[in-house]
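Numbering (my numbering), first residue to last: 21 to 351.
Virtual Cβ for every residue (Gly too), placed ideally from N, Cα, C.
What follows is a set of notes on a single structure, which appears directly below.
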Amino acid sequence: MRTFVAGHRGMVGQAVSRRLSELGHEVVTRTRAELDLLDQAAVARFFQTEHIDEVYLAAAKVGGIHANMTYPAQFIYENLTIATNVTHQAFLAGVKRLLFLGSSCIYPRMAEQPIREEYLLNGKLEPTNEPYAIAKIAGLKLCESYNRQYGATHGIDYRSVMPTNLYGPGDNYHLENSHVVPALIQRFHLAKISNAPSVLIWGSGRARREFLYVDDMAAGCLDVMNLSRAEYEQHTDPMRGHINLGTGEDVSIAELTDLIRDVVGYTGSIRYDLAQPDGAPRKLLDVSRAATFGWHATVPLAEGLRRTYADYQKAIRPIEEPDQAPTAAHA
């Protein structure tokens with residue numbers, strides 16, 4: 021089985037690649053320099069020559085609230101282009117199986133909690149990441165549409181999973197463009213080594229989020245792909261062809277902040293910048309569909325954070341604060 025993992029250098033792609041390799045797949049990867057997924061002709065040449073059997077579409081332009089608000093055009097354009105190029109060119113090359121990885125931000129900002137798959141498109145999106153969310157919605161609708169039009173005639177079986185907020189080894193630790201867990205790890209680590217008296221956190225800390233360890237997510241992706249077509253169709257429907265992956269539990273950002281501060285060993289104080297946005301007040305996924313075929317998260321949040329910080333210390337050179345001297349940041 022030749023399996024192409026698009027986006028293998030990102031945290032999600034790394035985890036999926038690890039899991040596939042453990043199970044004996046021949047994992048095919050390309051760096052961006054080798055294959056620019058924004059280049060339709062290049063993607064077409066790749067699929068026409070590489071004889072790929074299945075695709076895990078984990079490539080995406082991602083980031084936290086700051087990045088989404090700063091680069092909305094790039095977020096919608098690049099994610100739409102990646103989804104359409106990979107999905108359509110895979111189809112033209114005869115690839116029957118594809119898994120698209122979305123994001124829980126596809127759901128309405130004020131969705132009833134926990135969020136069921138059928139709540140998609142039932143309300144307004146969170147404004148701070150609407151462009152990214154729309155691109156992800158388009159990606160899962162691509163999969164549904166190719167199944168509806170070509171499933172019976174061409175054997176197309178394109179599936180989608182919607183993971184909750186992910187964290188773990190290989191994450192992006194940039195202070196401004198990363199998601200909340202790696203941003204907090206980086207911020208507290210830098211504060212600890214520089215003996216900073218306090219750390220400033222965006223927002224009020226009251227927003228609640230669910231966090232899934234990335235290797236649990238990868239196991240869920242393969243479980244979804246390993247379902248028979250009849251089993252997958254039993255858990256989905258043609259117009260709601262995605263499955264949520266999450267823990268079924270959430271914490272406030274303030275609670276998460278305290279956990280990460282303890283893991284890092286920072287002893288200073290925490291201040292909250294109330295002028296900055298919280299994002300959606302709550303995002304907790306209903307994961308009952310995944311539970312029906314036996315998947316569930318196994319890594320508790322505190323343990324996952326310890327593993328993530330250990331990986332950060334081992335593999336990531338800290339990125340200095342913009343107003344911090346290099347000697348302090350890299351001590």
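{"Query": "For Ala158 and chain D, any beta-carbon pair shorter than 8 Å?", "Result": "In the displayed structure, chain D is absent; only one protein chain is listed."}
{"Query": "Specify, as a first and last residue, the run of the beta strand (DSSP E) that Phe24 falls within.", "Result": "22-26"}
{"Query": "Can you check whether the CB of Lys303 is closer than 8 Å to the CB of Glu230?", "Result": "yes"}
{"Query": "Among the candidates Met89, Met182, Ala158, whose CA atom is the shortest distance from the CA of Glu146?", "Result": "Met89"}
{"Query": "Which one of Gly285, Thr267, Ala295, Asp293 has the shortest CA to CA distance from Thr318?", "Result": "Thr267"}
{"Query": "With a threshold of 8 Å, are at least 3 pairs of Cβ atoms found where one atom belongs to the stretch 88-108 and the other to the stretch 260-276?", "Result": "no"}
{"Query": "Between the Cα of Asn99 and those of Arg50, Phe111, Val115, Leu121, spot the shortest distance and give me the residue it belongs to.", "Result": "Leu121"}
{"Query": "Spell out a yes or no on whether the stretch 149-168 and the stretch 201-211 are touching, meaning 3 or more CB-CB pairs, one atom from each, closer than 8 Å.", "Result": "no"}
{"Query": "Would you mind reading off the limits of the beta strand (DSSP E) that contains His262?", "Result": "262-265"}
{"Query": "I'd like the list of long-range same chain contacts for Gln133, defined as Cβ closer than 6 Å, with 5 residues on each side in sequence excluded.", "Result": "Arg302, Leu304"}
{"Query": "Looking at the structure shown, is Lys161 part of a helix, part of a strand, or coil, going by DSSP?", "Result": "helix"}
{"Query": "Using CA coordinates, which residue listed in Val307, Ala93, Val75 is at the minimum distance from Val82?", "Result": "Ala93"}
{"Query": "Considering only residues of the stretch 72-132, which uninterrupted alpha helix (DSSP H) runs meet the minimum length of 4 residues and lie entirely inside it, listed in chain order?", "Result": "85-90, 92-112"}
{"Query": "Look at Gln68 and Ala113 and say whether their C-beta atoms are less than 8 Å apart.", "Result": "yes"}
{"Query": "Count the other C-beta atoms from every protein chain shown that fall within 10 angstroms of the C-beta of Gly27, then say buried if there are 16 or more, exposed otherwise.", "Result": "buried"}
{"Query": "Could you name the residues of the same chain whose beta carbon sits closer than 6 Å to that of Ile157, not counting the 5 residues immediately before and after it, in chain order?", "Result": "Ile126"}
{"Query": "Return the Cβ separation of Met237 and Ala35 in integer angstroms, given the expectation that the two are a contact with Cβ distance under 8 Å.", "Result": "7 Å"}
{"Query": "May I have the straight-line CA-CA distance separating Ser123 from Gln296, to the nearest angstrom?", "Result": "23 Å"}
{"Query": "Where do the ends of the beta strand (DSSP E) carrying Met182 lie?", "Result": "177-183"}
{"Query": "Grab me the residues of Asp343's own chain with a C-beta within less than 6 Å of its C-beta, minus the 5 sequence neighbours each way, in chain order.", "Result": "Only weak support exists for where Asp343 lies, its pLDDT of 42 falling under 50; the value from the coordinates is given anyway. Contacts found: none."}
{"Query": "Mapping the DSSP letters down to three states, classify Val307 as helix, strand or coil.", "Result": "coil"}
{"Query": "For Leu220, which three-state DSSP category applies?", "Result": "strand"}
{"Query": "With a floor of 3 residues, list each beta strand (DSSP E) that falls wholly inside the stretch 42-71, ordered by position along the chain.", "Result": "46-48"}
{"Query": "For Ser214, write down the residues that DSSP places opposite it in a beta bridge.", "Result": "Partner(s): none; Ser214 has no beta bridge."}
{"Query": "CB-CB under 6 Å to Met21, same chain, minus the five flanking residues each way: which ones, in chain order?", "Result": "His45, Asp73"}
{"Query": "Please return the same chain residues whose Cβ sits closer than 8 Å to the Cβ of Ser3, not counting the five positions on each side in sequence.", "Result": "Residue 3 falls outside the range modelled here, since the chain spans only 21 to 351, and no answer is possible."}
{"Query": "Would a C-beta distance cut-off of 8 Å place Thr173 and Gly299 closer than the cut-off?", "Result": "no"}
{"Query": "Select from Val244, Trp315, Leu321 the residue whose C-alpha is nearest the C-alpha of Leu279.", "Result": "Leu321"}
{"Query": "In this structure, does DSSP put Phe208 in helix, strand or coil?", "Result": "helix"}
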